[in-house]
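Under full-length UniProt numbering, the residue at position 965 of the sequence shown is numbered 965, and the numbers go up by one with no gaps.
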Amino acid sequence: MVSSPDESRMANKERAKPSSMDPGQDIRTKTGGAYIPPAKLRLMQQNISDKNSEAYQRLAWESLKKSINGLINKVNVSNIAFIVKELFAINLIRGRGLLCRSILRAQQSSPTFTHVYAALIAVTNTKFPKVGELLLKRLIVQFRRSFQRNDKSNCINSTRFIAHLFNQNVAHEILALEILVLLLENATNDSVEVAIAFLKECGAKLEEVSRQGAAGIFERLRTILHDGELNKRVQYMIEVMYAIRKDKFKDHPSIMQELDLIEEDEQFTHLMTLEDDYETEDRLNVFKLDPDFQTNEAKYDEIKQSILDVGDDDDDDDSDESGSDDDEEDSSDEANEEGATTTIIDNTETNLINLRKTIYLTIQSSLDFEECAHKLLKLDIKPPQYAELCNMIVDCCAQQRTYIKFFGLLAQRFCQINPEYVEPFVEILKNCYDTIHRFETCKLRNVAKIFAHLLYTDSIPWTVLSHIKLNENDTSSSSRVFIKILFQQLAESMGLVRLNQRIKDPTLDEAFKGLFPRDNPEYTRFAINFFTSIGLGGLTDDLREHLKTASSQKLPLLQENLQKLKQEDDSTSTSSSSDSSDNSSDSDSSDNSSDSSSDSSTSNNSDSSSDEDSDDTSHKRKHRSIREQRPSKYRGERENHRKEERHKLRDTNKHKHDMSRDYSNSDRHKRYPNDKKDTDKYRLKERNRENDKDRSHRHHHRSNEEKHIDDVKKNLKRADRDESSDDKKHSKIRKIRSWGDVSFHGSKQIPTPNIDLLASSGVIMNNYYVSPLCSPSRSALLTGLNPIRTGMQVGVIAASQPYGLPLNYTTMGQHFQRLGYRTHVVGKWHQGFFRSEYLPTKRGFDSYFGYLTGHSDYFNRKAGDFFRGYDLHEMDHIANLTKYQGQYSTDMYTDRVLELIEENQYENTKKPWLIYMAQQSVHGAECGDEIQPPRRHENDYKYIQKNERRRRFAGMVAALDESVGRVFKALNDTNQLSRTIIVFSTDNGGATAGTTGYHIDNSQGSNWPLKGGKYTLWEGGVRGTAFIWSKLLPKPYLSNQLMHITDILPTLYSAAGGNTSDLGDIDGLNQWNQLKNPNNKNNYQIREHLLHNIDHTKHFWALRYRNYKLTNGTSLLGQFDNWYEAPGQQTEFPPNGICYNCTTTYQILEEYGIKFEPITVQIDCQRDKNPIIKCQSKKGMCLFDIEQDPCELTNLAEKKSDLLKTIHKKIYEHYNVQYTKPVNKPFDPHANPALHGGFWKPWLDQNPITENFL
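Structure, rendered in structure tokens:
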């Protein structure tokens, strides 16, 4: 650094008083890349007297760098002429290194603007050829380095830029031909892809200047195409390239008309080749002290003046020429105009579009929010366009893969700089919330987090939250997710204590009135349950207290009004009331006894007495004591009426009991379609009728105010119950005999006629178990081994995790190939694909069509975890996405299965086949939580009104049911049905709920009335829906044989004529003979025990021994260890029922003489016999009797401790010795599809160059 004398330093200090920095600091300043506003830079320069000093030159360098970066970020097609003039106004000789670096970075960030950057360089190259030469050197070196490193994305960017420079005559055609020859010499899938991308950009120019060279390139492409060594996707790209050439590059011009700014004779073309060594002159990118700084700046001022003057002269000449042409016309019209003006209204919104582009580019190019805010303020946006700026900030934030705090800080800065920006953000929040159901999960999450930032920084007023009403009627699943993320982010940023204080602020009562409602007890309970479920129950303490005290606050008013009623009744009574009072004493005593008995029964049915219950009982007694003082006339009539109704009820129940002996459940529903209520419901109905009549007798003695008070009291009692009481919450479930999402399990909410027909005409496996997750279940199905033996027992395989089903295990496909079968996989693989050896075609299957990851978009095939890319494969290569674009995946995979069935018929009918059809339905979509029904079913289930996700889920189930029917019909049409075995199985329990975002399947399945769901070892997570259909089976029936998914392989292998001993030492058991014997009543003859899973990493496991289930620990912190409500009430069932004979499946079964008789699988939790004794998973093992207690209500661990120890010792230790260390691996960033052309594909092959150009 250069030091100045003390006198100069003092003088500088005096001049620098308005600045915040002293001159000593100015001289020693090094920005180090930090952003300094231009105005501050100019002020710092003015404070330095020595223009040749290092400090001044450094500040000038920073100013030069900022100017170049700002101009490059703003350039587009419409303003390139103005940007060029501004570029020439700064010292491009000194800043040529900065200019080249800035343009290269901008092109990598925005490849679609490459043609604009090339045009800018072309204009600059006419005046400063060294700029064009330097840029070409750096591009060539960048391309060679990327090619050697197999970095395809950088190769494409570099070649695209070179192609456009060639189009602008900055680069020579020799360089273009050398690049193409290098890429096609040793052709691979990716190198050909890069070459085709290069040809599309410069093919028209190459045909123009070197027709012979272009012909040679296309001839080489033809040879590659005929060799057929590349995958079909790349072959298709070559064919498209030939079509473009045949069309003479009509849609791929070399230069846009707006960017054709330079005449050919004015351009400097640089003859540079790939083989030469080039110095990229990186030293030009950094500051260097110039001893002749002022002299050189003066020289450039002269050059700049000459350049800009020439440009102005050219413009003047043009204007003169045009003016001379129009003089005559103007003079002729001059008399008519007489000074009149014409107003031109621009409706094209061109300025608005350009503004949005400028805002977007400024945001994307800024290093931090302060720099971005300063640049946006320099745009001088007018108040009518403030809303556009705010919308662009929110939209840019929403499009990010994850939330970036940069956008929150940027929005905060604008709100704090100018209060006029606050209102647009408030309106955006309201609009976003109103249309939140249209948002994808990632967009929803980002929008919620940016507004959470604005709220906790007080950038926007909290009163905006008054727009949100949290109740079951006014919210959808998407809006509840939005509220969840919003408040979780607020709690994380502010802390729960501060957030609670803000909610309790009396000035914000109106803001939180909708989120924390107090006027309706049902809404209050909903809000309490919602915030408790998302881990923010501490925010609802006041609401809970409100529910507890509401009854006591209402009772004084109630007593006062009832006392008035008593006085009114006394005043209207006659002298003969003494006789009735005698009778009233008897009736009072009877009333007292009946009331006390009802109180007793209520307390016996509850798990524990609470203060709320005692308070409630005391309220009843107070109300009863007031009621007893009423005139006895009406009580006597009421008691007589009750006795008559009891006799009627007793006779009716006797009649219904007699009918139940004569008819089965199905016959009774056929003959009495309206008799769907049991005795308890009937009693409730009669009791309501009795109360109605009783009220009608004394209607004229009761005021409207008393009726209102009674209603309020009932609501308060209902709201005052303990929301955590599981037995009360679920006591009504046992009256509905249904579970799952298929209607043959009794739930008629989602009709599945095809599945029901096959299940009821086959063998329903009612005691069948799977793993709680998809990857372990699929490995068990394919190998017949428990996942603990293959290392697949922990979690699922994420897309970027480099592991899979180990290669040393033989799969179902390999076993059946030994029997002479042709084997095929269609749909989901999810057994690893990080190396080609793990693909299905390398694991015993002759063909494969589907997706390799765990979940994918149903329409555009995007998939991913931390990274996102396309996933659709055919055989061992990427499928043609264009061919299947927009097709619903369930239909697409069904079409492929139908093709395989037809091919088997015509090509080789004597060779048997095995098709493993792993449908995507009904798994969540791309992010794991989006529900995507086919468009034809989006509006088919409007009767499901309370749960939008459930309604959309029904559309996915319908598509799956249609798929089953289509496959069944195809087998019949090809005369192959009679010798086919169809096995239908789920891979895990239904995903009833979950956290939104990646990795978690958050579809809206139902395991009701079972406990738990996917991810858990409770019955709801491992009890599978399954049946087997075949003409080889004797007759339809319901099988209760204990079965496991590992049994499928040996069972089918035996049915196919194989010897199961050839399968080796597997865990699966052959159940084929048992399935053919419907008279066997021993459910444990073949299998006495099975393992659900052992996961030592999370210390939880579960196993089954005969009818007993032993569990230990829990998964995912127990967030899915609950019982779930029924999927819907009767009002949410199909209004017209299920039409079975409308299906082709029904007609086919009739042709085979199979009469459809519905078999309904009934699971009764028997809550009256099984009191809830909760399993404390963290404290020890739990034991359940699954036959008597399928819903796992009663933990028998203490009652049958000896049996627990025996099962643990014999069965658990038997499985534990087989435990293999999990093969899971951490995420690998090299799997990123961005490195592989945007596709998921094997990324760790031993010789990736032969497969990929990466």
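Here a beta-carbon is modelled for each residue, glycine too, at the ideal position from N, C-alpha and C.
Review point. With DSSP run on the structure shown, which of helix, strand or coil describes H877?
Key: In this structure, DSSP gives H877 an extended state, which the three-state scheme calls strand.
Practice item. Can you tell me the Cβ-Cβ gap for A511 and W462, rounded? I've got them flagged as a contact below 8 angstroms. Key: With a Cβ gap of about 5 angstroms, A511 and W462 count as contacting.
Check your understanding: What residue from K828, A759, G813 has the CA that sits closest to F845's CA?
Key -> The residue with the shortest Cα to Cα distance from F845 is G813.
Point to revise | Bridge partners - A1102, DSSP secondary structure assignment | key: A1102 pairs with N1093, T1111.
Practice item. Tell me whether T1097 is buried or exposed, calling it buried when 16 or more other Cβ atoms sit within 10 Å of its Cβ. Key: Flag for T1097 reads exposed.
Review point. Taking buried to mean at least 16 other C-beta atoms within 10 Å of its own C-beta, is C1142 buried or exposed?
Key: Per the 10 Å Cβ criterion, exposed.
Point to revise | Closest residue to L177 among L165, R149, L206 (Cα-Cα distance) | key: Considering only alpha carbons, the answer is L206.
**Study point:** Nonlocal neighbours in the same chain, by C-beta distance under 6 angstroms from N904, ignoring five residues either side
**Key:** Contacts found: W913.
Practice item. List the endpoints of the continuous beta strand (DSSP E) containing residue 1267. Key: Nothing in the structure corresponds to residue 1267, since the chain is present only between 1 and 1254.
**Study point:** Cβ neighbour criterion (16 or more within 10 Å) applied to Y242
**Key:** Exposed is the call here.
Practice item. Could you check what DSSP says for H453 in three-state terms: helix, strand or coil? Key: When secondary structure is reduced to three states using DSSP, H453 falls in the helix class.
Check your understanding: Any chance the stretch 1023–1032 sits against the stretch 972–988, with 3 or more Cβ pairs inside 8 angstroms?
Key -> Contact between the stretch 1023–1032 and the stretch 972–988 is present, because at least three Cβ pairs lie under 8 angstroms.
**Study point:** First through last residue of the beta strand (DSSP E) which encompasses S985
**Key:** Where S985 is concerned, the enclosing beta strand (DSSP E) stretches over 981–985.
Check your understanding: If we ignore side chains and look at the alpha-carbon of each, how far apart do R1023 and I460 end up?
Key -> Whole-angstrom Cα-Cα distance: 50 angstroms.
Check your understanding: Once you ignore the five residues that flank E334 on each side, which residues in its own chain have a CB closer than 6 angstroms to its CB?
Key -> Confidence at E334 is low in this model, with a pLDDT of 45, below 50, so the placement of that residue should be treated as unreliable; the coordinate-derived value is given next. Beyond the five residues adjoining it in sequence on each side, E334 comes within less than 6 angstroms, by CB distance, of no other residue in the same chain.
Review point. Would a C-beta distance cut-off of 9 angstroms place F198 and L183 closer than the cut-off?
Key: Cβ distance < 9 angstroms, so F198 and L183 count as in contact.
Exercise for review: Taking residue 1258 as part of the alpha helix (DSSP H), name the residues at either end of that continuous run.
Suggested key: No answer is possible for residue 1258: the residues shown for the chain start at 1 and end at 1254.
Point to revise | Residues near N880 in its chain [Cβ-Cβ closer than 7 angstroms; skip 5 each side] | key: Setting aside the 5 residues that flank it on each side, N880 is surrounded in the same chain by K232, R233, Y236, each with a C-beta closer than 7 angstroms to its C-beta; the list follows chain order.
Review point. For the alpha helix (DSSP H) that A780 lies in, which residues bound it at each end?
Key: Its alpha helix (DSSP H) spans residues 774–783.
Exercise for review: Taking only the alpha-carbon atoms, compute the straight-line gap between E874 and G827 and give it to the nearest angstrom.
Suggested key: Put simply, the backbone Cα of E874 is about 10 angstroms away from that of G827.
**Study point:** Residues sharing a beta bridge with H1044, DSSP
**Key:** H1044 pairs with Y769.
Practice item. Could you say which of L139, N947, Y1140, G1057 lies nearest to S760 if we only look at CA atoms? Key: Among L139, N947, Y1140, G1057, the Cα nearest to that of S760 is on Y1140.
Review point. What's the call for R661, buried or exposed, on a 16-neighbour Cβ count within 10 Å?
Key: Low local confidence applies: a pLDDT of 38 at R661 is under 50, so the model's placement there is unreliable, with the coordinate-based value given in what follows. When all chains shown are included, R661 counts as exposed.
Point to revise | M917 - partner residues in DSSP beta bridges | key: In DSSP, M917 forms a bridge with V826.
Practice item. Return the CA-CA distance between L1063 and L180, expressed in angstroms with no decimal places. Key: Taking C-alpha positions only, L1063 is separated from L180 by approximately 53 angstroms.
Point to revise | Where the beta strand (DSSP E) containing A1026 begins and where it ends | key: It spans 1026–1030 - the beta strand (DSSP E) in which A1026 sits, taken as one unbroken run.
Check your understanding: R950: which of R966, G965, Q932 sits nearest, CA to CA?
Key -> Here the closest residue by C-alpha is Q932.
Review point. What did DSSP end up calling F293 once you bin it into helix, strand or coil?
Key: F293: helix per DSSP, three-state reduction.
Check your understanding: Name the DSSP beta bridge partners of H270, please?
Key -> DSSP, once it has assigned bridges, lists A171 as partnering H270.
Check your understanding: Is T991 helix, strand or coil by DSSP?
Key -> Note that residue 991 is Ala in the sequence shown, not Thr. Reduced to three states, the DSSP call for A991 is coil.
Point to revise | Inter-residue spacing [alpha-carbon to alpha-carbon] between W829 and Y916 | key: About 10 angstroms.
Practice item. Look up T574 in the DSSP assignment and say whether it is helix, strand or coil. Key: For T574, the pLDDT reaches just 42, beneath the cut-off of 50, and the residue's location in the model is therefore unreliable, although a value from the coordinates is still provided. The answer is coil: DSSP assigns T574 none of H, G, I, E or B.
**Study point:** Residues sharing a beta bridge with L1038, DSSP
**Key:** Answer is I764, bridged to L1038.
Exercise for review: Return helix, strand or coil for I1173, following the three-state DSSP convention.
Suggested key: Annotated three-state conformation of I1173 is strand, per DSSP.
Review point. Between which two residues does the alpha helix (DSSP H) containing G132 stretch?
Key: G132 -> alpha helix (DSSP H) spans 129–148.
Point to revise | Sequence-distant residues of its chain with Cβ nearer than 6 angstroms to N972 (five each side left out) | key: For N972, where only same-chain residues beyond five positions count, the Cβ hits under 6 angstroms are I1148.
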